[in-house]
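*Asks:* Residue numbers (our numbering), protein chains in the order written: chain G, 90 to 471; chain S, 90 to 471; chain L, 215 to 500; chain X, 215 to 500.
Ideal Cβ positions, reconstructed from N, Cα and C, are used throughout, including at glycine.
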């Protein structure tokens, strides 16, 4: 899960990481009040959305007085940025900047350690830095026993701050990195990013903040519960799936699919494409054989108006095929739709499943390729 | 270095470890003021001395009112406990106790890890527990990567609190241990001990506190500088040696010795004893060849009125023997004393050294046993 | 031979009294796996499915010479269960549990680095099977057949799909391992490829990858440099959109990295044939 | 043969431009040690004593095939210097520096646990010498003579004292190692005893211990169970008072543990003769 800037900065402040003086508001009136009473002028109005590129989209503006704040806040609130409607803005103290740095702690799969990525050429996307000025990106591994190693970090420190007007001491720098790593671990994050980081009064300060949380860690962090629903950029179907505890991802195509297992679900999508079709979703109903899950899954995929045909692909192992078929029968009773169905079922109790499906007139095959080829034909109206 | 109770508790409070409400004072008047204004009644008056056994010596008393405080504080201040004059007392809130626990984090040489030692039978010395109720002592290793391991710590937690009226949650218990370990590392301690620890309002609280600091870590902790002199239980000679940056330890005997190297210094003491003598001190002048060190060393050993004879034992390696002899000549000019000297010098530049010593009429041998046997005879007036 | 597990493996199940733990312990026993006990703290001394329950892994190791452990405990306790098994001297730890926070796994990996004799498979994996000899995990035993193909996969059901088509085409497996769908797993493709390379029973290898990370790219380089046996690959997720987690925590294309195209290209450059759809794997192996 | 260092060891000195570093580098070169360079960050490209200075240990390893490093940096930087050497692939690290905080050494030890090919000697030690072949440390080379006695000690000058008396009595040394006087050291008595046991040049062993800790007690047990060669011991500190640190950070009798009596008793029980005074060691060896 991705935290919005203002949420990430709340985490930062509780970890003693400096940020500008600022507050999140939801109305232009509150924005003016905050600017007048605590933040002061000039200040920056920043759209709070879970997508990148808000600056280019006009979602970040500087205000010099109360009139500016009212005008700009009114403009930005309600704005649509990459499909997200802005309903929260941050009113933030404007800080003078000598240089913009980039700093992040990120899960590094190859080394199996957190990696600290740094650059004195921040303020733009890290992908842009790595494309245009790769020599300005410095990396430090975080060791679980030693933390930072001075013999490498001192060299990086020198590269980060050479030729800079204002710099922090090595001790302050190392301490700041440690705080960032502490946030990474304490919050079960997979990314903690500050871009830009600036040096202000010889101390590091986070002008922006991005935190990606490990979904597997959320159960240990009730403090983020309130953000779970509000930050999701999700389609109606994705929302329904989240509430039904199913893994569903919306795609552009017209063939809905329902599969058990994430790998097989992906492979099913790929096979649809291979035979000339286009998948409407990724949907993993998991290993359990709960018929209720199948009913919910059917309700979700049928609610997508783009869908022309439905593919069921079940490889029964732990999953019992007859349970799936039973859920399917219930689903067809409860969910009303008029779409052709191609069904492939094989594995544990597949004979029983076929009997059930025959009763409700759903044609079944044991061959995945055949089922996929059939559904592709169906979707084309064949 | 050992921190006094009130100093250790200051460290605890800054690490968010609960202690009773209390203050250190140096006069009975201040004790009354503190008791009246903040600590309240009943309260405990505790002598602050760097030695154990203050309770048995009458250095800890409960006061129920201001009169008590005045009387008891007056009694305890100025008291001598194992040779230490009490000049500081702690006025501490008296807390009702269900059970006294023992808890410490200590450097464990064998496992090369910090070890947490716990017992539900605290309030007495850990040696006493391990002698009388060894089955009530529980140990947990602290791992540098994982911290505490739940699969062992949960078992220990159950043993610690079974049959206890008031207990803390496992989460609180683990968090408390972690705070103690944090103090251990952040302060470069070799021991952090709470005895007794109690459970008060479902939280852990430290009624007493003992911290041993690693002398090698002191340079990183300017916050302890103010304590370095005030806490030392040292003889006049030890004080002089500390100020001169020499390692000196007072002993009961009458043969002063001056040696280069700690191992050789110990072996010299042992050899004195082997030949029937009794060493007056341990003194390592170190590997440097600075003559000034030799002058200081001579001044210190000569200031001990118990000394009957002096043994010099120098094995020159990095140490240059002529520098030692030169320092010795200077020392004899500057320091006035009338004691027989036995001298053994061998190694780098020993010929030059012998020439210098011959000039000032100090007999020299190259054989350690011979030098020791001579000094033993000298000390016996032989 | 086969790799990692065989007829003489002494297997225990951590979390044997749970719903999934007991079900799959039973399945394993029926398959012929030598399950010597289970571990559930507080239930030591009892028994289940005809095998004893112990309070700790250590007791199971001492009393039953357990050398393989299968973990079914809830995600909040899984990393601690792995540590307990490793400390007790278990040599092969298979963690089925899904949903373990990735930073916990980072610490587990760092801890295991100083225990070179301990191998972890998973978490979030279906386990492994040496058909006809031993099954440690949740794989449906009846679809496997003893043979000469080594199978290694990041997926569960997709593996069964491909194994089923292999079996239909007349192939059998030496050992089939699901290494897990999380970003950080104990045993990776390279570890497994290296073992298959040394295993006399294994004549060819099927590698089933998916989007996310660069495990497949590294495997491709390793195959080019080290593997003498025939390798056929399949990569799931050609149609997966970027920045979306496709079920598995590790299956995400992030900042343009980890695409199926990149992985397929890496395999082609290493001279490895890549199937476009699961059913092609058997064809390419022939 | 000798142990750990020999004619072909490629030695570097970390902190070679410091007062002690340059002095002892010079002494080592004069003794015949193959000093291939030094490390002082910021002075790379310069040279001293006829050898090049590098900015990092890694450069010295790459360019000069350094495999042994001697550390002379101040105590605040010593543990980091050890880590740098270990990361760079140095196989034998000898840390002379005194005053390293013990908890820093705990972390260094935990880190080195996952690098089984790296051996640390020290800190707070005089180093080691294989007489006539190589000297890495601050020991006065001229008092040693090539021979068949392996010497291992927690002390510095006391070792020289005993070696001197051995030489006077006609003995010579295979290798002499000072393992250091701190509570936590990289290489202990047992490691060294085991190497001496395997070394064909070493015919008998002198162990010089002192009060504090239980390294001697453990060594005694190890000797009884494993060592076939003659061992003579000396323990310093029979007259040391309790709870006082006798110069070395590790030399302290604490809560009745670590006394000389206990150590002597352990050796006697292991059948090891213990000298009462240093000069007796040579007698007992005869």
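#1: On the three-state DSSP scale, how would you describe residue 293 of chain X?
#2: If distances are taken between C-alpha atoms only, which option among L/367, L/347, L/434 and L/260 comes closest to residue 450 of chain L?
#3: Which residue's Cα is closest to the Cα of residue 324 of chain S: S/313, S/279 and S/340?
#4: Ignoring anything shorter than 4 residues, give me the alpha helix (DSSP H) runs that lie fully in the region 457-500 of chain X, in order along the chain.
#5: If I follow the unbroken alpha helix (DSSP H) through residue 261 of chain G, where does it start and stop?
#6: What residues in its chain sit with their C-beta under 6 Å from that of residue 351 of chain G, if we drop five residues either side in the sequence?
#7: Output the distance between the C-alpha atoms of residue 524 of chain G and residue 135 of chain S, rounded to the nearest integer angstrom.
#8: Would you say residue 408 of chain G lies against chain L (beta-carbon separation less than 9 Å)?
#9: Cα separation between residue 266 of chain X and residue 291 of chain X?
#10: Name the chain X residues that come within less than 7 Å of residue 234 of chain G, Cβ to Cβ?
#11: Three or more C-beta pairs under 8 Å: does that hold for the region 193-210 of chain G against the region 160-172 of chain G?
#12: By the three-class DSSP mapping on this structure, what secondary structure does residue 420 of chain S have?
#13: In chain order, what residues of the same chain have a beta carbon less than 6 Å from the beta carbon of residue 387 of chain S, not counting five sequence neighbours either side?
#14: Any chance the region 330-343 of chain L sits against the region 390-400 of chain L, with 3 or more Cβ pairs inside 8 Å?
#15: Considering only the alpha carbon of each residue, which of L/318, L/255, L/221 and L/274 lies closest to residue 346 of chain L?
#16: Mind listing, in chain order, the continuous beta strand (DSSP E) runs of no fewer than 3 residues lying wholly within the region 390-425 of chain X?
#17: Does DSSP put residue 309 of chain L in a helix, a strand or coil?
#18: Output the residue ranges of the beta strand (DSSP E) runs that lie fully inside the region 120-194 of chain G and measure 3 residues or longer, sorted by chain position.
#19: DSSP three-state call for residue 463 of chain S: helix, strand or coil?
#20: Closer than 7 Å, Cβ to any Cβ of chain L: which residues of the region 219-246 of chain G, in chain order?
#21: Distance check for residue 123 of chain G and residue 389 of chain G, CA to CA, integer angstroms please.
#22: Between residue 302 of chain S and residue 295 of chain S, which are expected to be in contact by the criterion C-beta below 8 Å, what is the C-beta distance as a whole number of angstroms?
#23: Would you say residue 295 of chain L reaches chain S, if we count a Cβ-Cβ gap shorter than 9 Å as a contact?
#24: Within 9 Å of any Cβ in chain S, is that where the Cβ of residue 312 of chain L sits?
#25: Which term fits residue 235 of chain X, buried or exposed, when burial requires 16 or more other beta carbons within 10 angstroms of its beta carbon?
#26: Given 8 Å as the limit, tell me if residue 423 of chain L has its C-beta closer than that to any heavy atom belonging to the ligand HEM.
#27: Ignoring anything shorter than 3 residues or poking outside the region 317-399 of chain L, list the beta strand (DSSP E) runs there in chain order.
#28: On the DSSP letters alone, give me the boundaries of the alpha helix (DSSP H) that residue 383 of chain G sits inside.
#29: Going straight from the alpha carbon of residue 423 of chain L to that of residue 370 of chain G, what length do you get?
#30: Would you report the Cα separation of residue 317 of chain L and residue 349 of chain S, rounded to the nearest angstrom?
#31: Determine the contact status of residue 229 of chain X and residue 315 of chain X, defining contact as a CB-CB distance below 9 Å.
#32: Would you mind working out which of X/428, X/298, X/414 and X/257 sits nearest residue 232 of chain X, comparing C-alpha positions?
#33: What are the boundary residues of the alpha helix (DSSP H) that residue 242 of chain S is part of?
#34: Between which two residues does the alpha helix (DSSP H) containing residue 446 of chain S stretch?
#35: Output yes or no for whether 9 Å exceeds the beta carbon distance between residue 350 of chain L and residue 306 of chain L.
#36: Helix, strand or coil: how does DSSP classify residue 221 of chain S here?
*Replies:* Judging by the given coordinates:
#1: Within the fourth chain, the letter at position 79 stands for residue 293 of chain X. Reduced to three states, the DSSP call for residue 293 of chain X is helix.
#2: Your numbering for residue 450 of chain L matches position 236 in the third chain. Checked all of L/367, L/347, L/434 and L/260; the closest Cα to residue 450 of chain L is L/367.
#3: Position 235 of the second chain, counted from the first residue, corresponds to residue 324 of chain S. The shortest Cα separation from residue 324 of chain S among S/313, S/279 and S/340 belongs to S/340.
#4: Within the region 457-500 of chain X, the complete alpha helix (DSSP H) runs of at least 4 residues are 474-483 and 494-499.
#5: Position 172 of the first chain holds residue 261 of chain G. DSSP places residue 261 of chain G inside the alpha helix (DSSP H), whose first and last residues are 259-275.
#6: Sequence index remark: in the first chain, residue 351 of chain G carries index 262 (1-based). Only 373 meet the Cβ criterion.
#7: No answer is possible for residue 524 of chain G: the residues shown for chain G start at 90 and end at 471.
#8: For this step, residue 408 of chain G is matched to residue 319 along the first chain. Yes, contact with chain L.
#9: Working through the fourth chain from its first residue, we reach residue 266 of chain X at position 52. Working through the fourth chain from its first residue, we reach residue 291 of chain X at position 77. Looking at the two C-alpha atoms, the distance is approximately 22 Å.
#10: Residue mapping note: residue 234 of chain G aligns to position 145 of the first chain, counting from 1. Result: 321, 324 and 325.
#11: Segments in contact, no.
#12: Numbered from its first residue, the second chain carries residue 420 of chain S at position 331. Residue state, collapsed to three classes: helix.
#13: Reading the second chain from its first residue, position 298 is the one you call residue 387 of chain S. Same-chain partners within the cutoff: 420 and 424.
#14: Using a Cβ-Cβ distance cut-off of 8 Å, the region 330-343 of chain L and the region 390-400 of chain L are in contact, since at least three pairs of beta carbons, one from each stretch, lie closer than that value.
#15: By one-based count along the third chain, residue 346 of chain L stands at place 132. Among L/318, L/255, L/221 and L/274, the Cα nearest to that of residue 346 of chain L is on L/221.
#16: Along the length of the region 390-425 of chain X, whole beta strand (DSSP E) runs at least 3 residues long occupy 418-424, reported in chain order.
#17: On the third chain, residue 309 of chain L is found 95 positions in, with the first residue counted as 1. Three-state DSSP puts residue 309 of chain L in a strand.
#18: The region 120-194 of chain G contains these whole beta strand (DSSP E) runs: 132-136, 149-152 and 178-182.
#19: Here residue 463 of chain S refers to the residue found at position 374 of the second chain. Residue 463 of chain S: helix per DSSP, three-state reduction.
#20: Contact residues of the region 219-246 of chain G toward chain L are 233 (C-beta to C-beta distance below 7 Å).
#21: Position 300 of the first chain holds residue 389 of chain G. Position 34 of the first chain holds residue 123 of chain G. Each residue's Cα considered, the two are about 43 Å apart.
#22: One-based indexing of the second chain puts residue 302 of chain S at position 213. One-based indexing of the second chain puts residue 295 of chain S at position 206. For a cut-off of 8 Å, the C-beta gap from residue 302 of chain S to residue 295 of chain S is around 17 Å, too long to register as a contact.
#23: Residue mapping note: residue 295 of chain L aligns to position 81 of the third chain, counting from 1. The beta carbon of residue 295 of chain L sits closer than 9 Å to some beta carbon of chain S.
#24: Residue mapping note: residue 312 of chain L aligns to position 98 of the third chain, counting from 1. With 9 Å as the cut-off, residue 312 of chain L does not count as an interface residue toward chain S.
#25: Residue mapping note: residue 235 of chain X aligns to position 21 of the fourth chain, counting from 1. Result: buried.
#26: Within the structure as shown, the ligand HEM is missing, as the structure has no ligands at all.
#27: Runs found: 333-335, 341-344, 348-351, 360-367 and 387-392.
#28: Here residue 383 of chain G refers to the residue found at position 294 of the first chain. Segment 380-391, the alpha helix (DSSP H) holding residue 383 of chain G.
#29: On the third chain, position 209 is the one that residue 423 of chain L refers to. On the first chain, position 281 is the one that residue 370 of chain G refers to. The straight-line gap from Cα to Cα measures roughly 20 Å.
#30: Here residue 317 of chain L refers to the residue found at position 103 when the third chain is read from its first residue. Here residue 349 of chain S refers to the residue found at position 260 when the second chain is read from its first residue. The alpha-carbon atoms of residue 317 of chain L and residue 349 of chain S are separated by roughly 52 Å.
#31: Along the fourth chain, read from residue 1 onward, the residue named residue 229 of chain X stands at position 15. Along the fourth chain, read from residue 1 onward, the residue named residue 315 of chain X stands at position 101. Cβ distance not < 9 Å, so residue 229 of chain X and residue 315 of chain X don't count as in contact.
#32: Translated into positions along the fourth chain, residue 232 of chain X becomes position 18. Distances from the CA of residue 232 of chain X to each of X/428, X/298, X/414 and X/257 were compared; the closest alpha carbon is that of X/257.
#33: As a working note, residue 242 of chain S is residue 153 in the second chain. Where residue 242 of chain S is concerned, the enclosing alpha helix (DSSP H) stretches over 239-250.
#34: The residue labelled residue 446 of chain S in the question sits at position 357 within the second chain. Here the alpha helix (DSSP H) through residue 446 of chain S covers 439-448.
#35: To locate residue 350 of chain L, count along the third chain from 1; it is residue 136. To locate residue 306 of chain L, count along the third chain from 1; it is residue 92. Yes, they are a contact pair.
#36: As a working mapping, residue 221 of chain S is identified with position 132 in the second chain. It is helical.
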